[in-house]
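Protein chains: 4
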Amino acid sequence: MNVGMLSELFASIGERGRRLIEGRIELGGKPRRVETVIELAEDLLSHRGEASGVARAGEILAAYARFTQDERTTFFEALAGRFGVDHGRIEAAAEAYRLQPSEETAQKLHLAAEPRRQELFRRLNLAPGGTRTLVDMRTDLIAALRSRPALETVDNDLVHLFSSWFNRGFLVVKRIDWTTPAHILEKIIAYEAVHEIRDWDDLRRRLQPPDRRCFAFFHPALVDDPLIFVEVALTIDMPDAIGPLLAAERPPLAAREARTAVFYSISNCQTGLKGISFGHFLIKQVAEELKKELPALETFVTLSPVPLFAGWLEARRRPDHAEALPEADRRALELLDEPGWEANDLARRAMTPVLARAAAQYFLEARNGDGKPVDPVARFHLGNGARLERLNLFGDLSPKGLRQSRGLMVNYLYDLERIEKNHEAYADAGVVAASSAVRKALPKRG
Amino acid sequence: MNVGMLSELFASIGERGRRLIEGRIELGGKPRRVETVIELAEDLLSHRGEASGVARAGEILAAYARFTQDERTTFFEALAGRFGVDHGRIEAAAEAYRLQPSEETAQKLHLAAEPRRQELFRRLNLAPGGTRTLVDMRTDLIAALRSRPALETVDNDLVHLFSSWFNRGFLVVKRIDWTTPAHILEKIIAYEAVHEIRDWDDLRRRLQPPDRRCFAFFHPALVDDPLIFVEVALTIDMPDAIGPLLAAERPPLAAREARTAVFYSISNCQTGLKGISFGHFLIKQVAEELKKELPALETFVTLSPVPLFAGWLEARRRPDHAEALPEADRRALELLDEPGWEANDLARRAMTPVLARAAAQYFLEARNGDGKPVDPVARFHLGNGARLERLNLFGDLSPKGLRQSRGLMVNYLYDLERIEKNHEAYADAGVVAASSAVRKALPKRG
Amino acid sequence: MNVGMLSELFASIGERGRRLIEGRIELGGKPRRVETVIELAEDLLSHRGEASGVARAGEILAAYARFTQDERTTFFEALAGRFGVDHGRIEAAAEAYRLQPSEETAQKLHLAAEPRRQELFRRLNLAPGGTRTLVDMRTDLIAALRSRPALETVDNDLVHLFSSWFNRGFLVVKRIDWTTPAHILEKIIAYEAVHEIRDWDDLRRRLQPPDRRCFAFFHPALVDDPLIFVEVALTIDMPDAIGPLLAAERPPLAAREARTAVFYSISNCQTGLKGISFGHFLIKQVAEELKKELPALETFVTLSPVPLFAGWLEARRRPDHAEALPEADRRALELLDEPGWEANDLARRAMTPVLARAAAQYFLEARNGDGKPVDPVARFHLGNGARLERLNLFGDLSPKGLRQSRGLMVNYLYDLERIEKNHEAYADAGVVAASSAVRKALPKRG
Amino acid sequence: MNVGMLSELFASIGERGRRLIEGRIELGGKPRRVETVIELAEDLLSHRGEASGVARAGEILAAYARFTQDERTTFFEALAGRFGVDHGRIEAAAEAYRLQPSEETAQKLHLAAEPRRQELFRRLNLAPGGTRTLVDMRTDLIAALRSRPALETVDNDLVHLFSSWFNRGFLVVKRIDWTTPAHILEKIIAYEAVHEIRDWDDLRRRLQPPDRRCFAFFHPALVDDPLIFVEVALTIDMPDAIGPLLAAERPPLAAREARTAVFYSISNCQTGLKGISFGHFLIKQVAEELKKELPALETFVTLSPVPLFAGWLEARRRPDHAEALPEADRRALELLDEPGWEANDLARRAMTPVLARAAAQYFLEARNGDGKPVDPVARFHLGNGARLERLNLFGDLSPKGLRQSRGLMVNYLYDLERIEKNHEAYADAGVVAASSAVRKALPKRG
């Protein structure tokens with residue numbers, strides 16, 4: 005079984021399967037019917053004591069781990085229904101509040117309107133490994149949500165709890181390098197989501213050379229399992245393409261000669277923590293650690309993919325969007341349909357101004373339903389206070405790069421002095437911070 | 005400055021002062037008026053972004069640290085009032101719920117009824133050292149509560165958050181011994197609440213001999229500062245007095261010869277975490293670790309103080325409680341008023357049956373307003389599922405022991421097989437688990 | 005570059021090359037002529053002070069690292085000649101001893117007869133990384149010895165020093181498992197000398213399953229670079245073949261069910277430490293650690309290759325050794341020349357008694373020039389006090405196994421109670437400890 | 005038992021006693037007669053095998069630990085005599101060398117002239133804890149040497165072995181601070197030899213403030229027991245008195261404001277390693293680590309005692325040394341006999357030039373039998389390449405300071421650029437590096 009296969013297997017079996025294989029959890033106890041488990045959960049909620057609660061919580065989680073997907077869905081439906089709110093209790097509390105509105109009656113109403121599953125989740129979390137299992141449970145729930153949108157109230161409650169438990173103050177940043185234990189490194193291989201790590205030698209090339217760094221966030225309840233990690237390349241200048249940055253044979257730079265730190269890959273590791281944000285804390289903390297280690301660093305920048313650009317561009321090229329593109333541009337872009345265009349110098353030159361215009365519009369003008377930029381990576385970095393610094397039209401000519409962004413990559417600049425201002429302007433007014441070079445690429449309008 | 009003075013100083017300056025002295029926090033920034041800080045808090049709540057929030061949260065916490073006690077009270081009152089619930093929002097959500105009661109409208113009502121300070125606390129917690137400062141803030145709040153009971157709603161919110169953050173799954177148990185770093189050991193000296201540790205040599209006697217153990221719980225956000233710790237003596241038999249157990253000159257027992265582990269001191273360390281329970285988890289985990297290290301251990305037992313017994317007994321001896329005690333008992337107990345009675349064999353013999361009767365009643369019959377046993381230590385151990393095993397009438401003849409319990413100590417037995425049953429019977433029905441020997445000490449009734 | 009290639013590359017470039025690649029040493033300074041370096045060495049020896057010595061030692065070692073192989077040989081010859089003994093000094097000391105033989109004059113003679121290079125080596129060892137470079141220097145010297153046997157006096161001095169520096173008391177045993185840092189694990193892959201580790205997945209199969217263990221010795225001056233390691237399989241019974249033991253798909257055994265610990269691979273890692281023995285310390289210590297972790301283990305045994313058996317057997321089959329084998333045996337062994345014999349049941353049955361006889365003679369009767377058994381692995385284990393327990397005629401049917409031992413493997417039994425007795429009988433009288441089953445396999449003689 | 009008492013007890017019972025108390029060694033086995041132990045040692049030497057040797061070495065060392073002081077002396081005498089050289093073997097080897105002088109015959113002569121105890125020590129060192137016991141054995145031997153100078157040959161052999169085993173390359177420098185384990189800190193208290201540490205609070209004042217540092221050397225075979233440590237104060241300027249530097253109430257300096265690192269106390273910890281030098285390595289390495297942590301540091305300097313100055317000065321004041329001091333000086337120095345002179349401003353002013361002259365002569369002109377400066381601290385620092393920078397006539401007005409040096413302290417400057425040159429000039433030609441200010445203090449001569 006080679007690393008590529010392993011990584012694929014990992015992806016397909018999910019996190020729980022992986023831990024099973026690693027022997028970190030055991031399929032304890034005998035299988036149980038969903039109804040029995042729901043009774044156990046009622047029981048867990050109705051007793052006040054913690055001592056017996058821990059054992060009962062453990063039983064429930066062990067039984068859950070053996071459920072089939074169908075049984076899980078049944079269990080989620082019980083969470084949404086039976087373990088939802090107690091309407092009688094809400095009505096009474098609402099009435100008491102109406103009669104005498106005060107902090108006290110509001111507090112009681114607040115508690116009365118809390119779905120019972122919240123307390124259930126808190127008690128399940130007391131079992132050894134409880135947090136781990138609840139995070140995995142949410143992975144299942146997210147999958148189930150697609151066909152049962154009504155389960156979203158359950159998901160909201162998990163998000164609320166996880167936001168509290170995975171609070172930034174409880175996270176620990178650790179450097180990942182070639183002296184990191186193998187069982188953690190193999191997760192880096194499996195979790196890398198941006199530029200695939202093919203095998204251990206590829207991994208070594210990301211970690212061992214003097215001009216490479218990698219940092220990850222860990223949480224004490226998910227021992228040795230990273231939440232998110234970022235890969236960094238140290239360079240002289242801001243890079244404009246991913247190929248040379250990752251080339252196997254490149255001569256490494258001495259760290260003290262670097263002036264630029266490039267965050268070229270950021271991967272979330274836990275599907276079950278989707279929507280719980282710690283990415284921007286990681287970037288900020290990593291930038292600070294790097295600056296402390298290497299005071300000569302002046303620029304902190306990403307080299308980022310543009311995952312939705314190709315789709316957006318193709319939509320505009322469709323005949324029914326005639327107004328989206330001037331005819332000349334539309335014709336120039338037909339070159340994209342020629343296989344191998346990216347290696348053809350003439351084609352590249354012809355398309356350069358057209359692609360640049362389109363890219364600038366994609367970032368600066370296109371908006372999704374929430375009035376935010378279309379691109380999810382852009383939303384992440386702009387939301388962190390970064391600035392869109394440069395368009396690199398031919399930054400990723402790999403098949404994946406051509407497929408998802410027609411080769412386009414961009415740099416987001418983290419200017420530590422301006423992060424807060426950019427962030428607030430974006431968060432409060434949707435302002436996209438961009439360099440004047442990017443702005444100038446927008447089409448001129450009469 | 006000797007250790008005794010240090011420990012006293014520690015007690016008087018509180019946790020924040022200690023950390024200031026240790027250089028672990030700095031009085032950053034300039035002093036600010038409470039009104040300014042309240043504005044900052046409004047600002048923190050009204051912006052959505054995390055990047056700028058962290059800095060603002062840091063400013064608020066730094067300013068709070070410089071507040072006088074009066075300013076703190078003003079700040080707490082703002083938390084109770086201005087940062088309380090939004091009545092308009094509650095009313096609207098209550099009305100929406102009334103029109104269409106569902107999980108969704110209930111969830112919205114739940115959120116609407118949440119006081120604004122909860123979100124404020126969560127955002128303050130993003131600042132570096134935020135958890136630490138919030139725990140300290142609650143220490144101040146508990147002090148302020150005495151004169152301002154209306155602040156209790158604020159306290160409720162902190163308790164709710166801390167219960168989530170200091171969830172058992174995030175705690176780490178560590179052995180404390182003579183190889184533990186000094187800055188942690190000095191906290192053990194300062195925090196020991198049951199049997200004072202006089203100096204470093206006294207500490208060494210609690211940690212270094214082969215028949216001593218000490219374990220503490222730590223939380224990743226309160227680095228190197230224990231939450232609770234338990235001191236253990238390994239013995240052959242269940243001990244009946246604290247003096248010999250702590251004697252400086254006693255010959256130590258080889259650990260492998262021990263059959264009994266005695267939890268003789270359990271100290272909570274963080275006033276700001278009052279009411280957040282982890283004691284019983286610690287005891288259970290320590291019992292398991294000891295059993296693993298020393299499979300020959302058969303008995304897990306405490307040697308515990310009875311802090312309210314003297315007060316309770318004196319109340320019954322008062323003339324206006326004539327019915328509480330038979331005349332003969334009342335007369336026998338007059339010996340307690342003779343100084344030095346505890347060294348007088350005749351006096352001890354005379355009082356033995358009377359004190360035993362009273363002690364049995366104190367534990368088995370006396371109840372507080374909640375229908376629970378009067379004694380707080382008893383409530384803790386019984387609530388954990390332990391059984392009251394033995395009354396040791398002359399277990400602590402130190403001045404403190406005579407003053408608070410007329411010498412009485414007791415053993416609570418942790419029978420790992422019966423913990424859950426005892427616990428449930430106590431939690432659900434108030435049943436006090438006690439050995440037949442203790443039960444027999446109750447007065448016979450016609 | 006896959007792992008197999010990496011491992012080959014490692015083997016070919018030697019230890020120094022590897023460390024260069026890993027960036028652990030730098031080719032400091034400019035190249036220097038051998039004569040200059042020899043002058044530096046003279047200088048280092050002639051000054052008494054340590055402060056300047058450290059810098060000078062560092063210069064010499066850095067220059068040595070840049071030497072070509074020829075320059076190294078020239079340098080070794082200077083060590084053998086110029087930095088040899090001072091004959092005048094010896095003669096004077098010998099004369100003084102002759103006139104007055106005493107402890108004092110003997111001590112002076114002892115010092116006078118010490119070659120100057122010994123003190124040179126001690127001073128070189130003061131440079132940072134000095135031990136590492138001296139160990140590498142001996143690797144070069146061992147290579148050079150083949151063509152220049154006169155350098156052996158230099159080698160003797162290095163052996164003397166290394167025996168002292170790599171004293172067992174300074175070694176640390178560490179468990180190697182899947183949580184070990186990758187830069188150490190990759191050395192395990194590269195150094196494995198008995199049963200090749202093909203890639204990281206193969207490595208994982210040796211480390212991660214619950215019935216596998218691996219331990220290595222480390223020295224503080226060779227940080228993170230193991231000296232020797234042993235791989236262990238936990239089994240129910242003593243195994244008779246390597247194939248099933250290493251099979252990728254075998255179901256692992258729960259550690260607590262194991263009764264036997266099998267040392268199936270022992271690899272020395274540092275060519276430069278050849279002849280410095282720590283193998284038997286490692287085996288003894290590992291046996292003790294395993295017994296402590298798993299008290300149910302009853303048997304400690306190897307599954308060992310027999311590297312010289314095929315060569316020895318073929319020599320006996322040659323026509324000019326007519327007396328070595330009875331004609332019937334000789335004929336039976338002709339089956340060995342048929343490709344695929346090992347899969348032919350009839351052939352195996354026919355040869356079984358013949359091979360068993362030969363193997364018993366190989367171990368019990370054949371002797372090398374020193375009167376010791378011919379087999380180097382046998383000398384190692386018998387020297388440690390182990391007993392030759394069982395012949396496994398078809399224990400290794402891999403191409404390598406067939407080539408070097410015609411499939412033969414053996415078990416050496418480490419009976420902790422008898423190790424010392426076996427060892428002394430072997431060391432003092434050359435007695436080969438063997439089970440009665442092995443002894444019975446010897447040919448009956450009239 | 006307070007810390008002062010503990011420290012005294014430590015000093016009186018010696019290292020072995022301390023480890024006994026700490027339970028780190030056990031008095032294993034039964035007591036044995038010296039003759040039996042000598043037989044065991046003969047046995048250990050005569051067998052070649054290591055497996056049985058380890059056990060036998062352990063027996064010998066355990067028996068030694070139970071010896072009385074008299075038995076130890078008997079054992080040392082056996083080491084000096086019976087385990088000395090083999091005269092017959094020397095004579096044969098000397099004859100062989102005479103007939104054919106070569107590297108080979110010299111090597112054999114070298115080995116033949118080695119006393120048998122050297123090999124004995126090497127084999128004893130294989131036992132667990134062997135190095136520790138051998139170091140302790142030398143402590144006993146040094147004590148015995150006073151009455152039996154003939155044992156010096158034994159001591160020479162131990163020094164030879166220890167120099168090899170405690171080679172700088174095997175030492176690890178560790179920072180000691182308030183987070184260091186207590187069992188190590190208590191050794192710092194016990195070992196501090198220059199400025200006594202009175203108790204744990206005094207220790208904390210040396211370790212915890214931001215302007216204090218402490219570093220120690222450790223060896224892997226003496227786990228957790230430091231070999232030598234140095235205490236450092238960070239200051240603005242070069243200090244001229246110890247009192248203010250150690251004052252309990254002084255306000256600490258922020259580390260980043262420091263320009264000077266003051267090595268104010270260097271303590272050797274292991275009597276058994278007397279004469280094995282690592283002090284100058286420690287100072288150099290500490291200076292480098294400090295420079296790395298605090299690049300603003302410009303000056304590395306000691307504040308050192310002058311332990312023999314009072315004795316030397318008093319000898320010159322004796323009437324029979326009339327020529328040593330001009331009459332005026334002699335009279336001025338009579339003020340030293342007035343109690344309290346050091347607090348009398350007039351007296352200090354009167355004596356200043358006289359004391360300065362005497363101090364300059366003490367350092368620059370006085371010589372011991374080996375032609376080296378009289379002062380042992382001076383020999384240590386000058387030998388390391390430091391320069392005598394300043395005389396501080398009233399640097400230590402404590403009773404101890406007045407008693408041993410009439411208040412005099414000095415600064416030795418470690419100028420990293422000049423260390424090597426100073427060191428060589430001192431080592432090769434006895435040149436004392438001194439600032440011009442010190443030189444100018446010498447009496448003017450016609």
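Protein chains in written order, with my numbering: chain A, 5 to 450; chain B, 5 to 450; chain C, 5 to 450; chain D, 5 to 450.
Don't be surprised by glycine CBs; every beta carbon is placed ideally from N, CA and C.
{"Query": "For Val-89 of chain C, three-class secondary structure by DSSP", "Result": "coil"}
{"Query": "Which of helix, strand or coil DSSP assigns to Tyr-418 of chain A", "Result": "coil"}
{"Query": "Beta carbon proximity, Phe-285 of chain D to chain C, threshold 9 Å", "Result": "yes"}
{"Query": "DSSP bridge partner residues for Asn-372 of chain D (one or two, in chain order)", "Result": "Per DSSP, none; premise fails for Asn-372 of chain D."}
{"Query": "Closest residue to Ile-192 of chain D among D:Phe-125, D:Asp-229, D:Ala-225 (Cα-Cα distance)", "Result": "D:Asp-229"}
{"Query": "Contact residues within the stretch 185 to 199 of chain A, judged by C-beta distance below 7 Å to chain C", "Result": "Pro-185, Ala-186, His-187, Leu-189"}
{"Query": "Between the CA atoms of Ala-382 of chain D and Phe-367 of chain D - distance to the nearest angstrom", "Result": "8 Å"}
{"Query": "Residues that Thr-183 of chain A contacts on chain C, provided the C-beta gap is smaller than 9 Å", "Result": "Pro-185, Ala-186, His-187, Ile-188, Asp-228"}
{"Query": "9 Å Cβ cutoff, Trp-204 of chain A in contact with chain C", "Result": "yes"}
{"Query": "Spatial distance of Glu-302 of chain B from Arg-263 of chain B (CA atoms)", "Result": "5 Å"}
{"Query": "Helix, strand or coil at Ala-265 of chain A [DSSP, three-state]", "Result": "strand"}
{"Query": "Within-9 Å CB hit, Arg-102 of chain C to chain D", "Result": "yes"}
{"Query": "The stretch 195 to 205 of chain A / the stretch 152 to 160 of chain A touching (three or more Cβ pairs under 8 Å)", "Result": "no"}
{"Query": "Distance between beta carbons of Asp-432 of chain B and Met-413 of chain B, contact taken as under 8 Å", "Result": "The pair is not a contact, with the Cβ atoms about 29 Å apart (cut-off 8 Å)."}
{"Query": "Any C-beta of chain D under 9 Å from that of Leu-208 of chain B", "Result": "Residue identity check: residue 208 of chain B is Arg in the sequence provided, not Leu. True, the Cβ-Cβ gap to chain D drops below 9 Å."}
{"Query": "Within-9 Å CB hit, Phe-174 of chain D to chain C", "Result": "yes"}
{"Query": "C-alpha distance - Asn-171 of chain A paired with Gly-283 of chain A, whole-angstrom precision", "Result": "12 Å"}
{"Query": "For Thr-78 of chain B, the first and last residue of its enclosing alpha helix (DSSP H)", "Result": "73 to 84"}
{"Query": "Cutoff 9 Å: Pro-380 of chain D Cβ touching any chain C Cβ", "Result": "no"}
{"Query": "Residues from the stretch 128 to 146 of chain A in contact with chain B, defined by Cβ distance under 9 Å", "Result": "Asn-129, Leu-130, Ala-131, Pro-132, Gly-133, Gly-134, Thr-135, Arg-136"}
{"Query": "Cβ-based neighbour list, Arg-439 of chain D, same chain, cut-off 6 Å, excluding 5 preceding and 5 following", "Result": "Contrary to the premise, residue 439 of chain D reads as Ser rather than Arg in this sequence. Answer for Ser-439 of chain D: Glu-393, listed in chain order."}
{"Query": "As assigned by DSSP and simplified to three states, the class of Met-242 of chain C", "Result": "coil"}
{"Query": "Burial state of Glu-196 of chain B (16 or more Cβ within 10 Å)", "Result": "buried"}
{"Query": "Cβ neighbour criterion (16 or more within 10 Å) applied to Gln-111 of chain B", "Result": "buried"}
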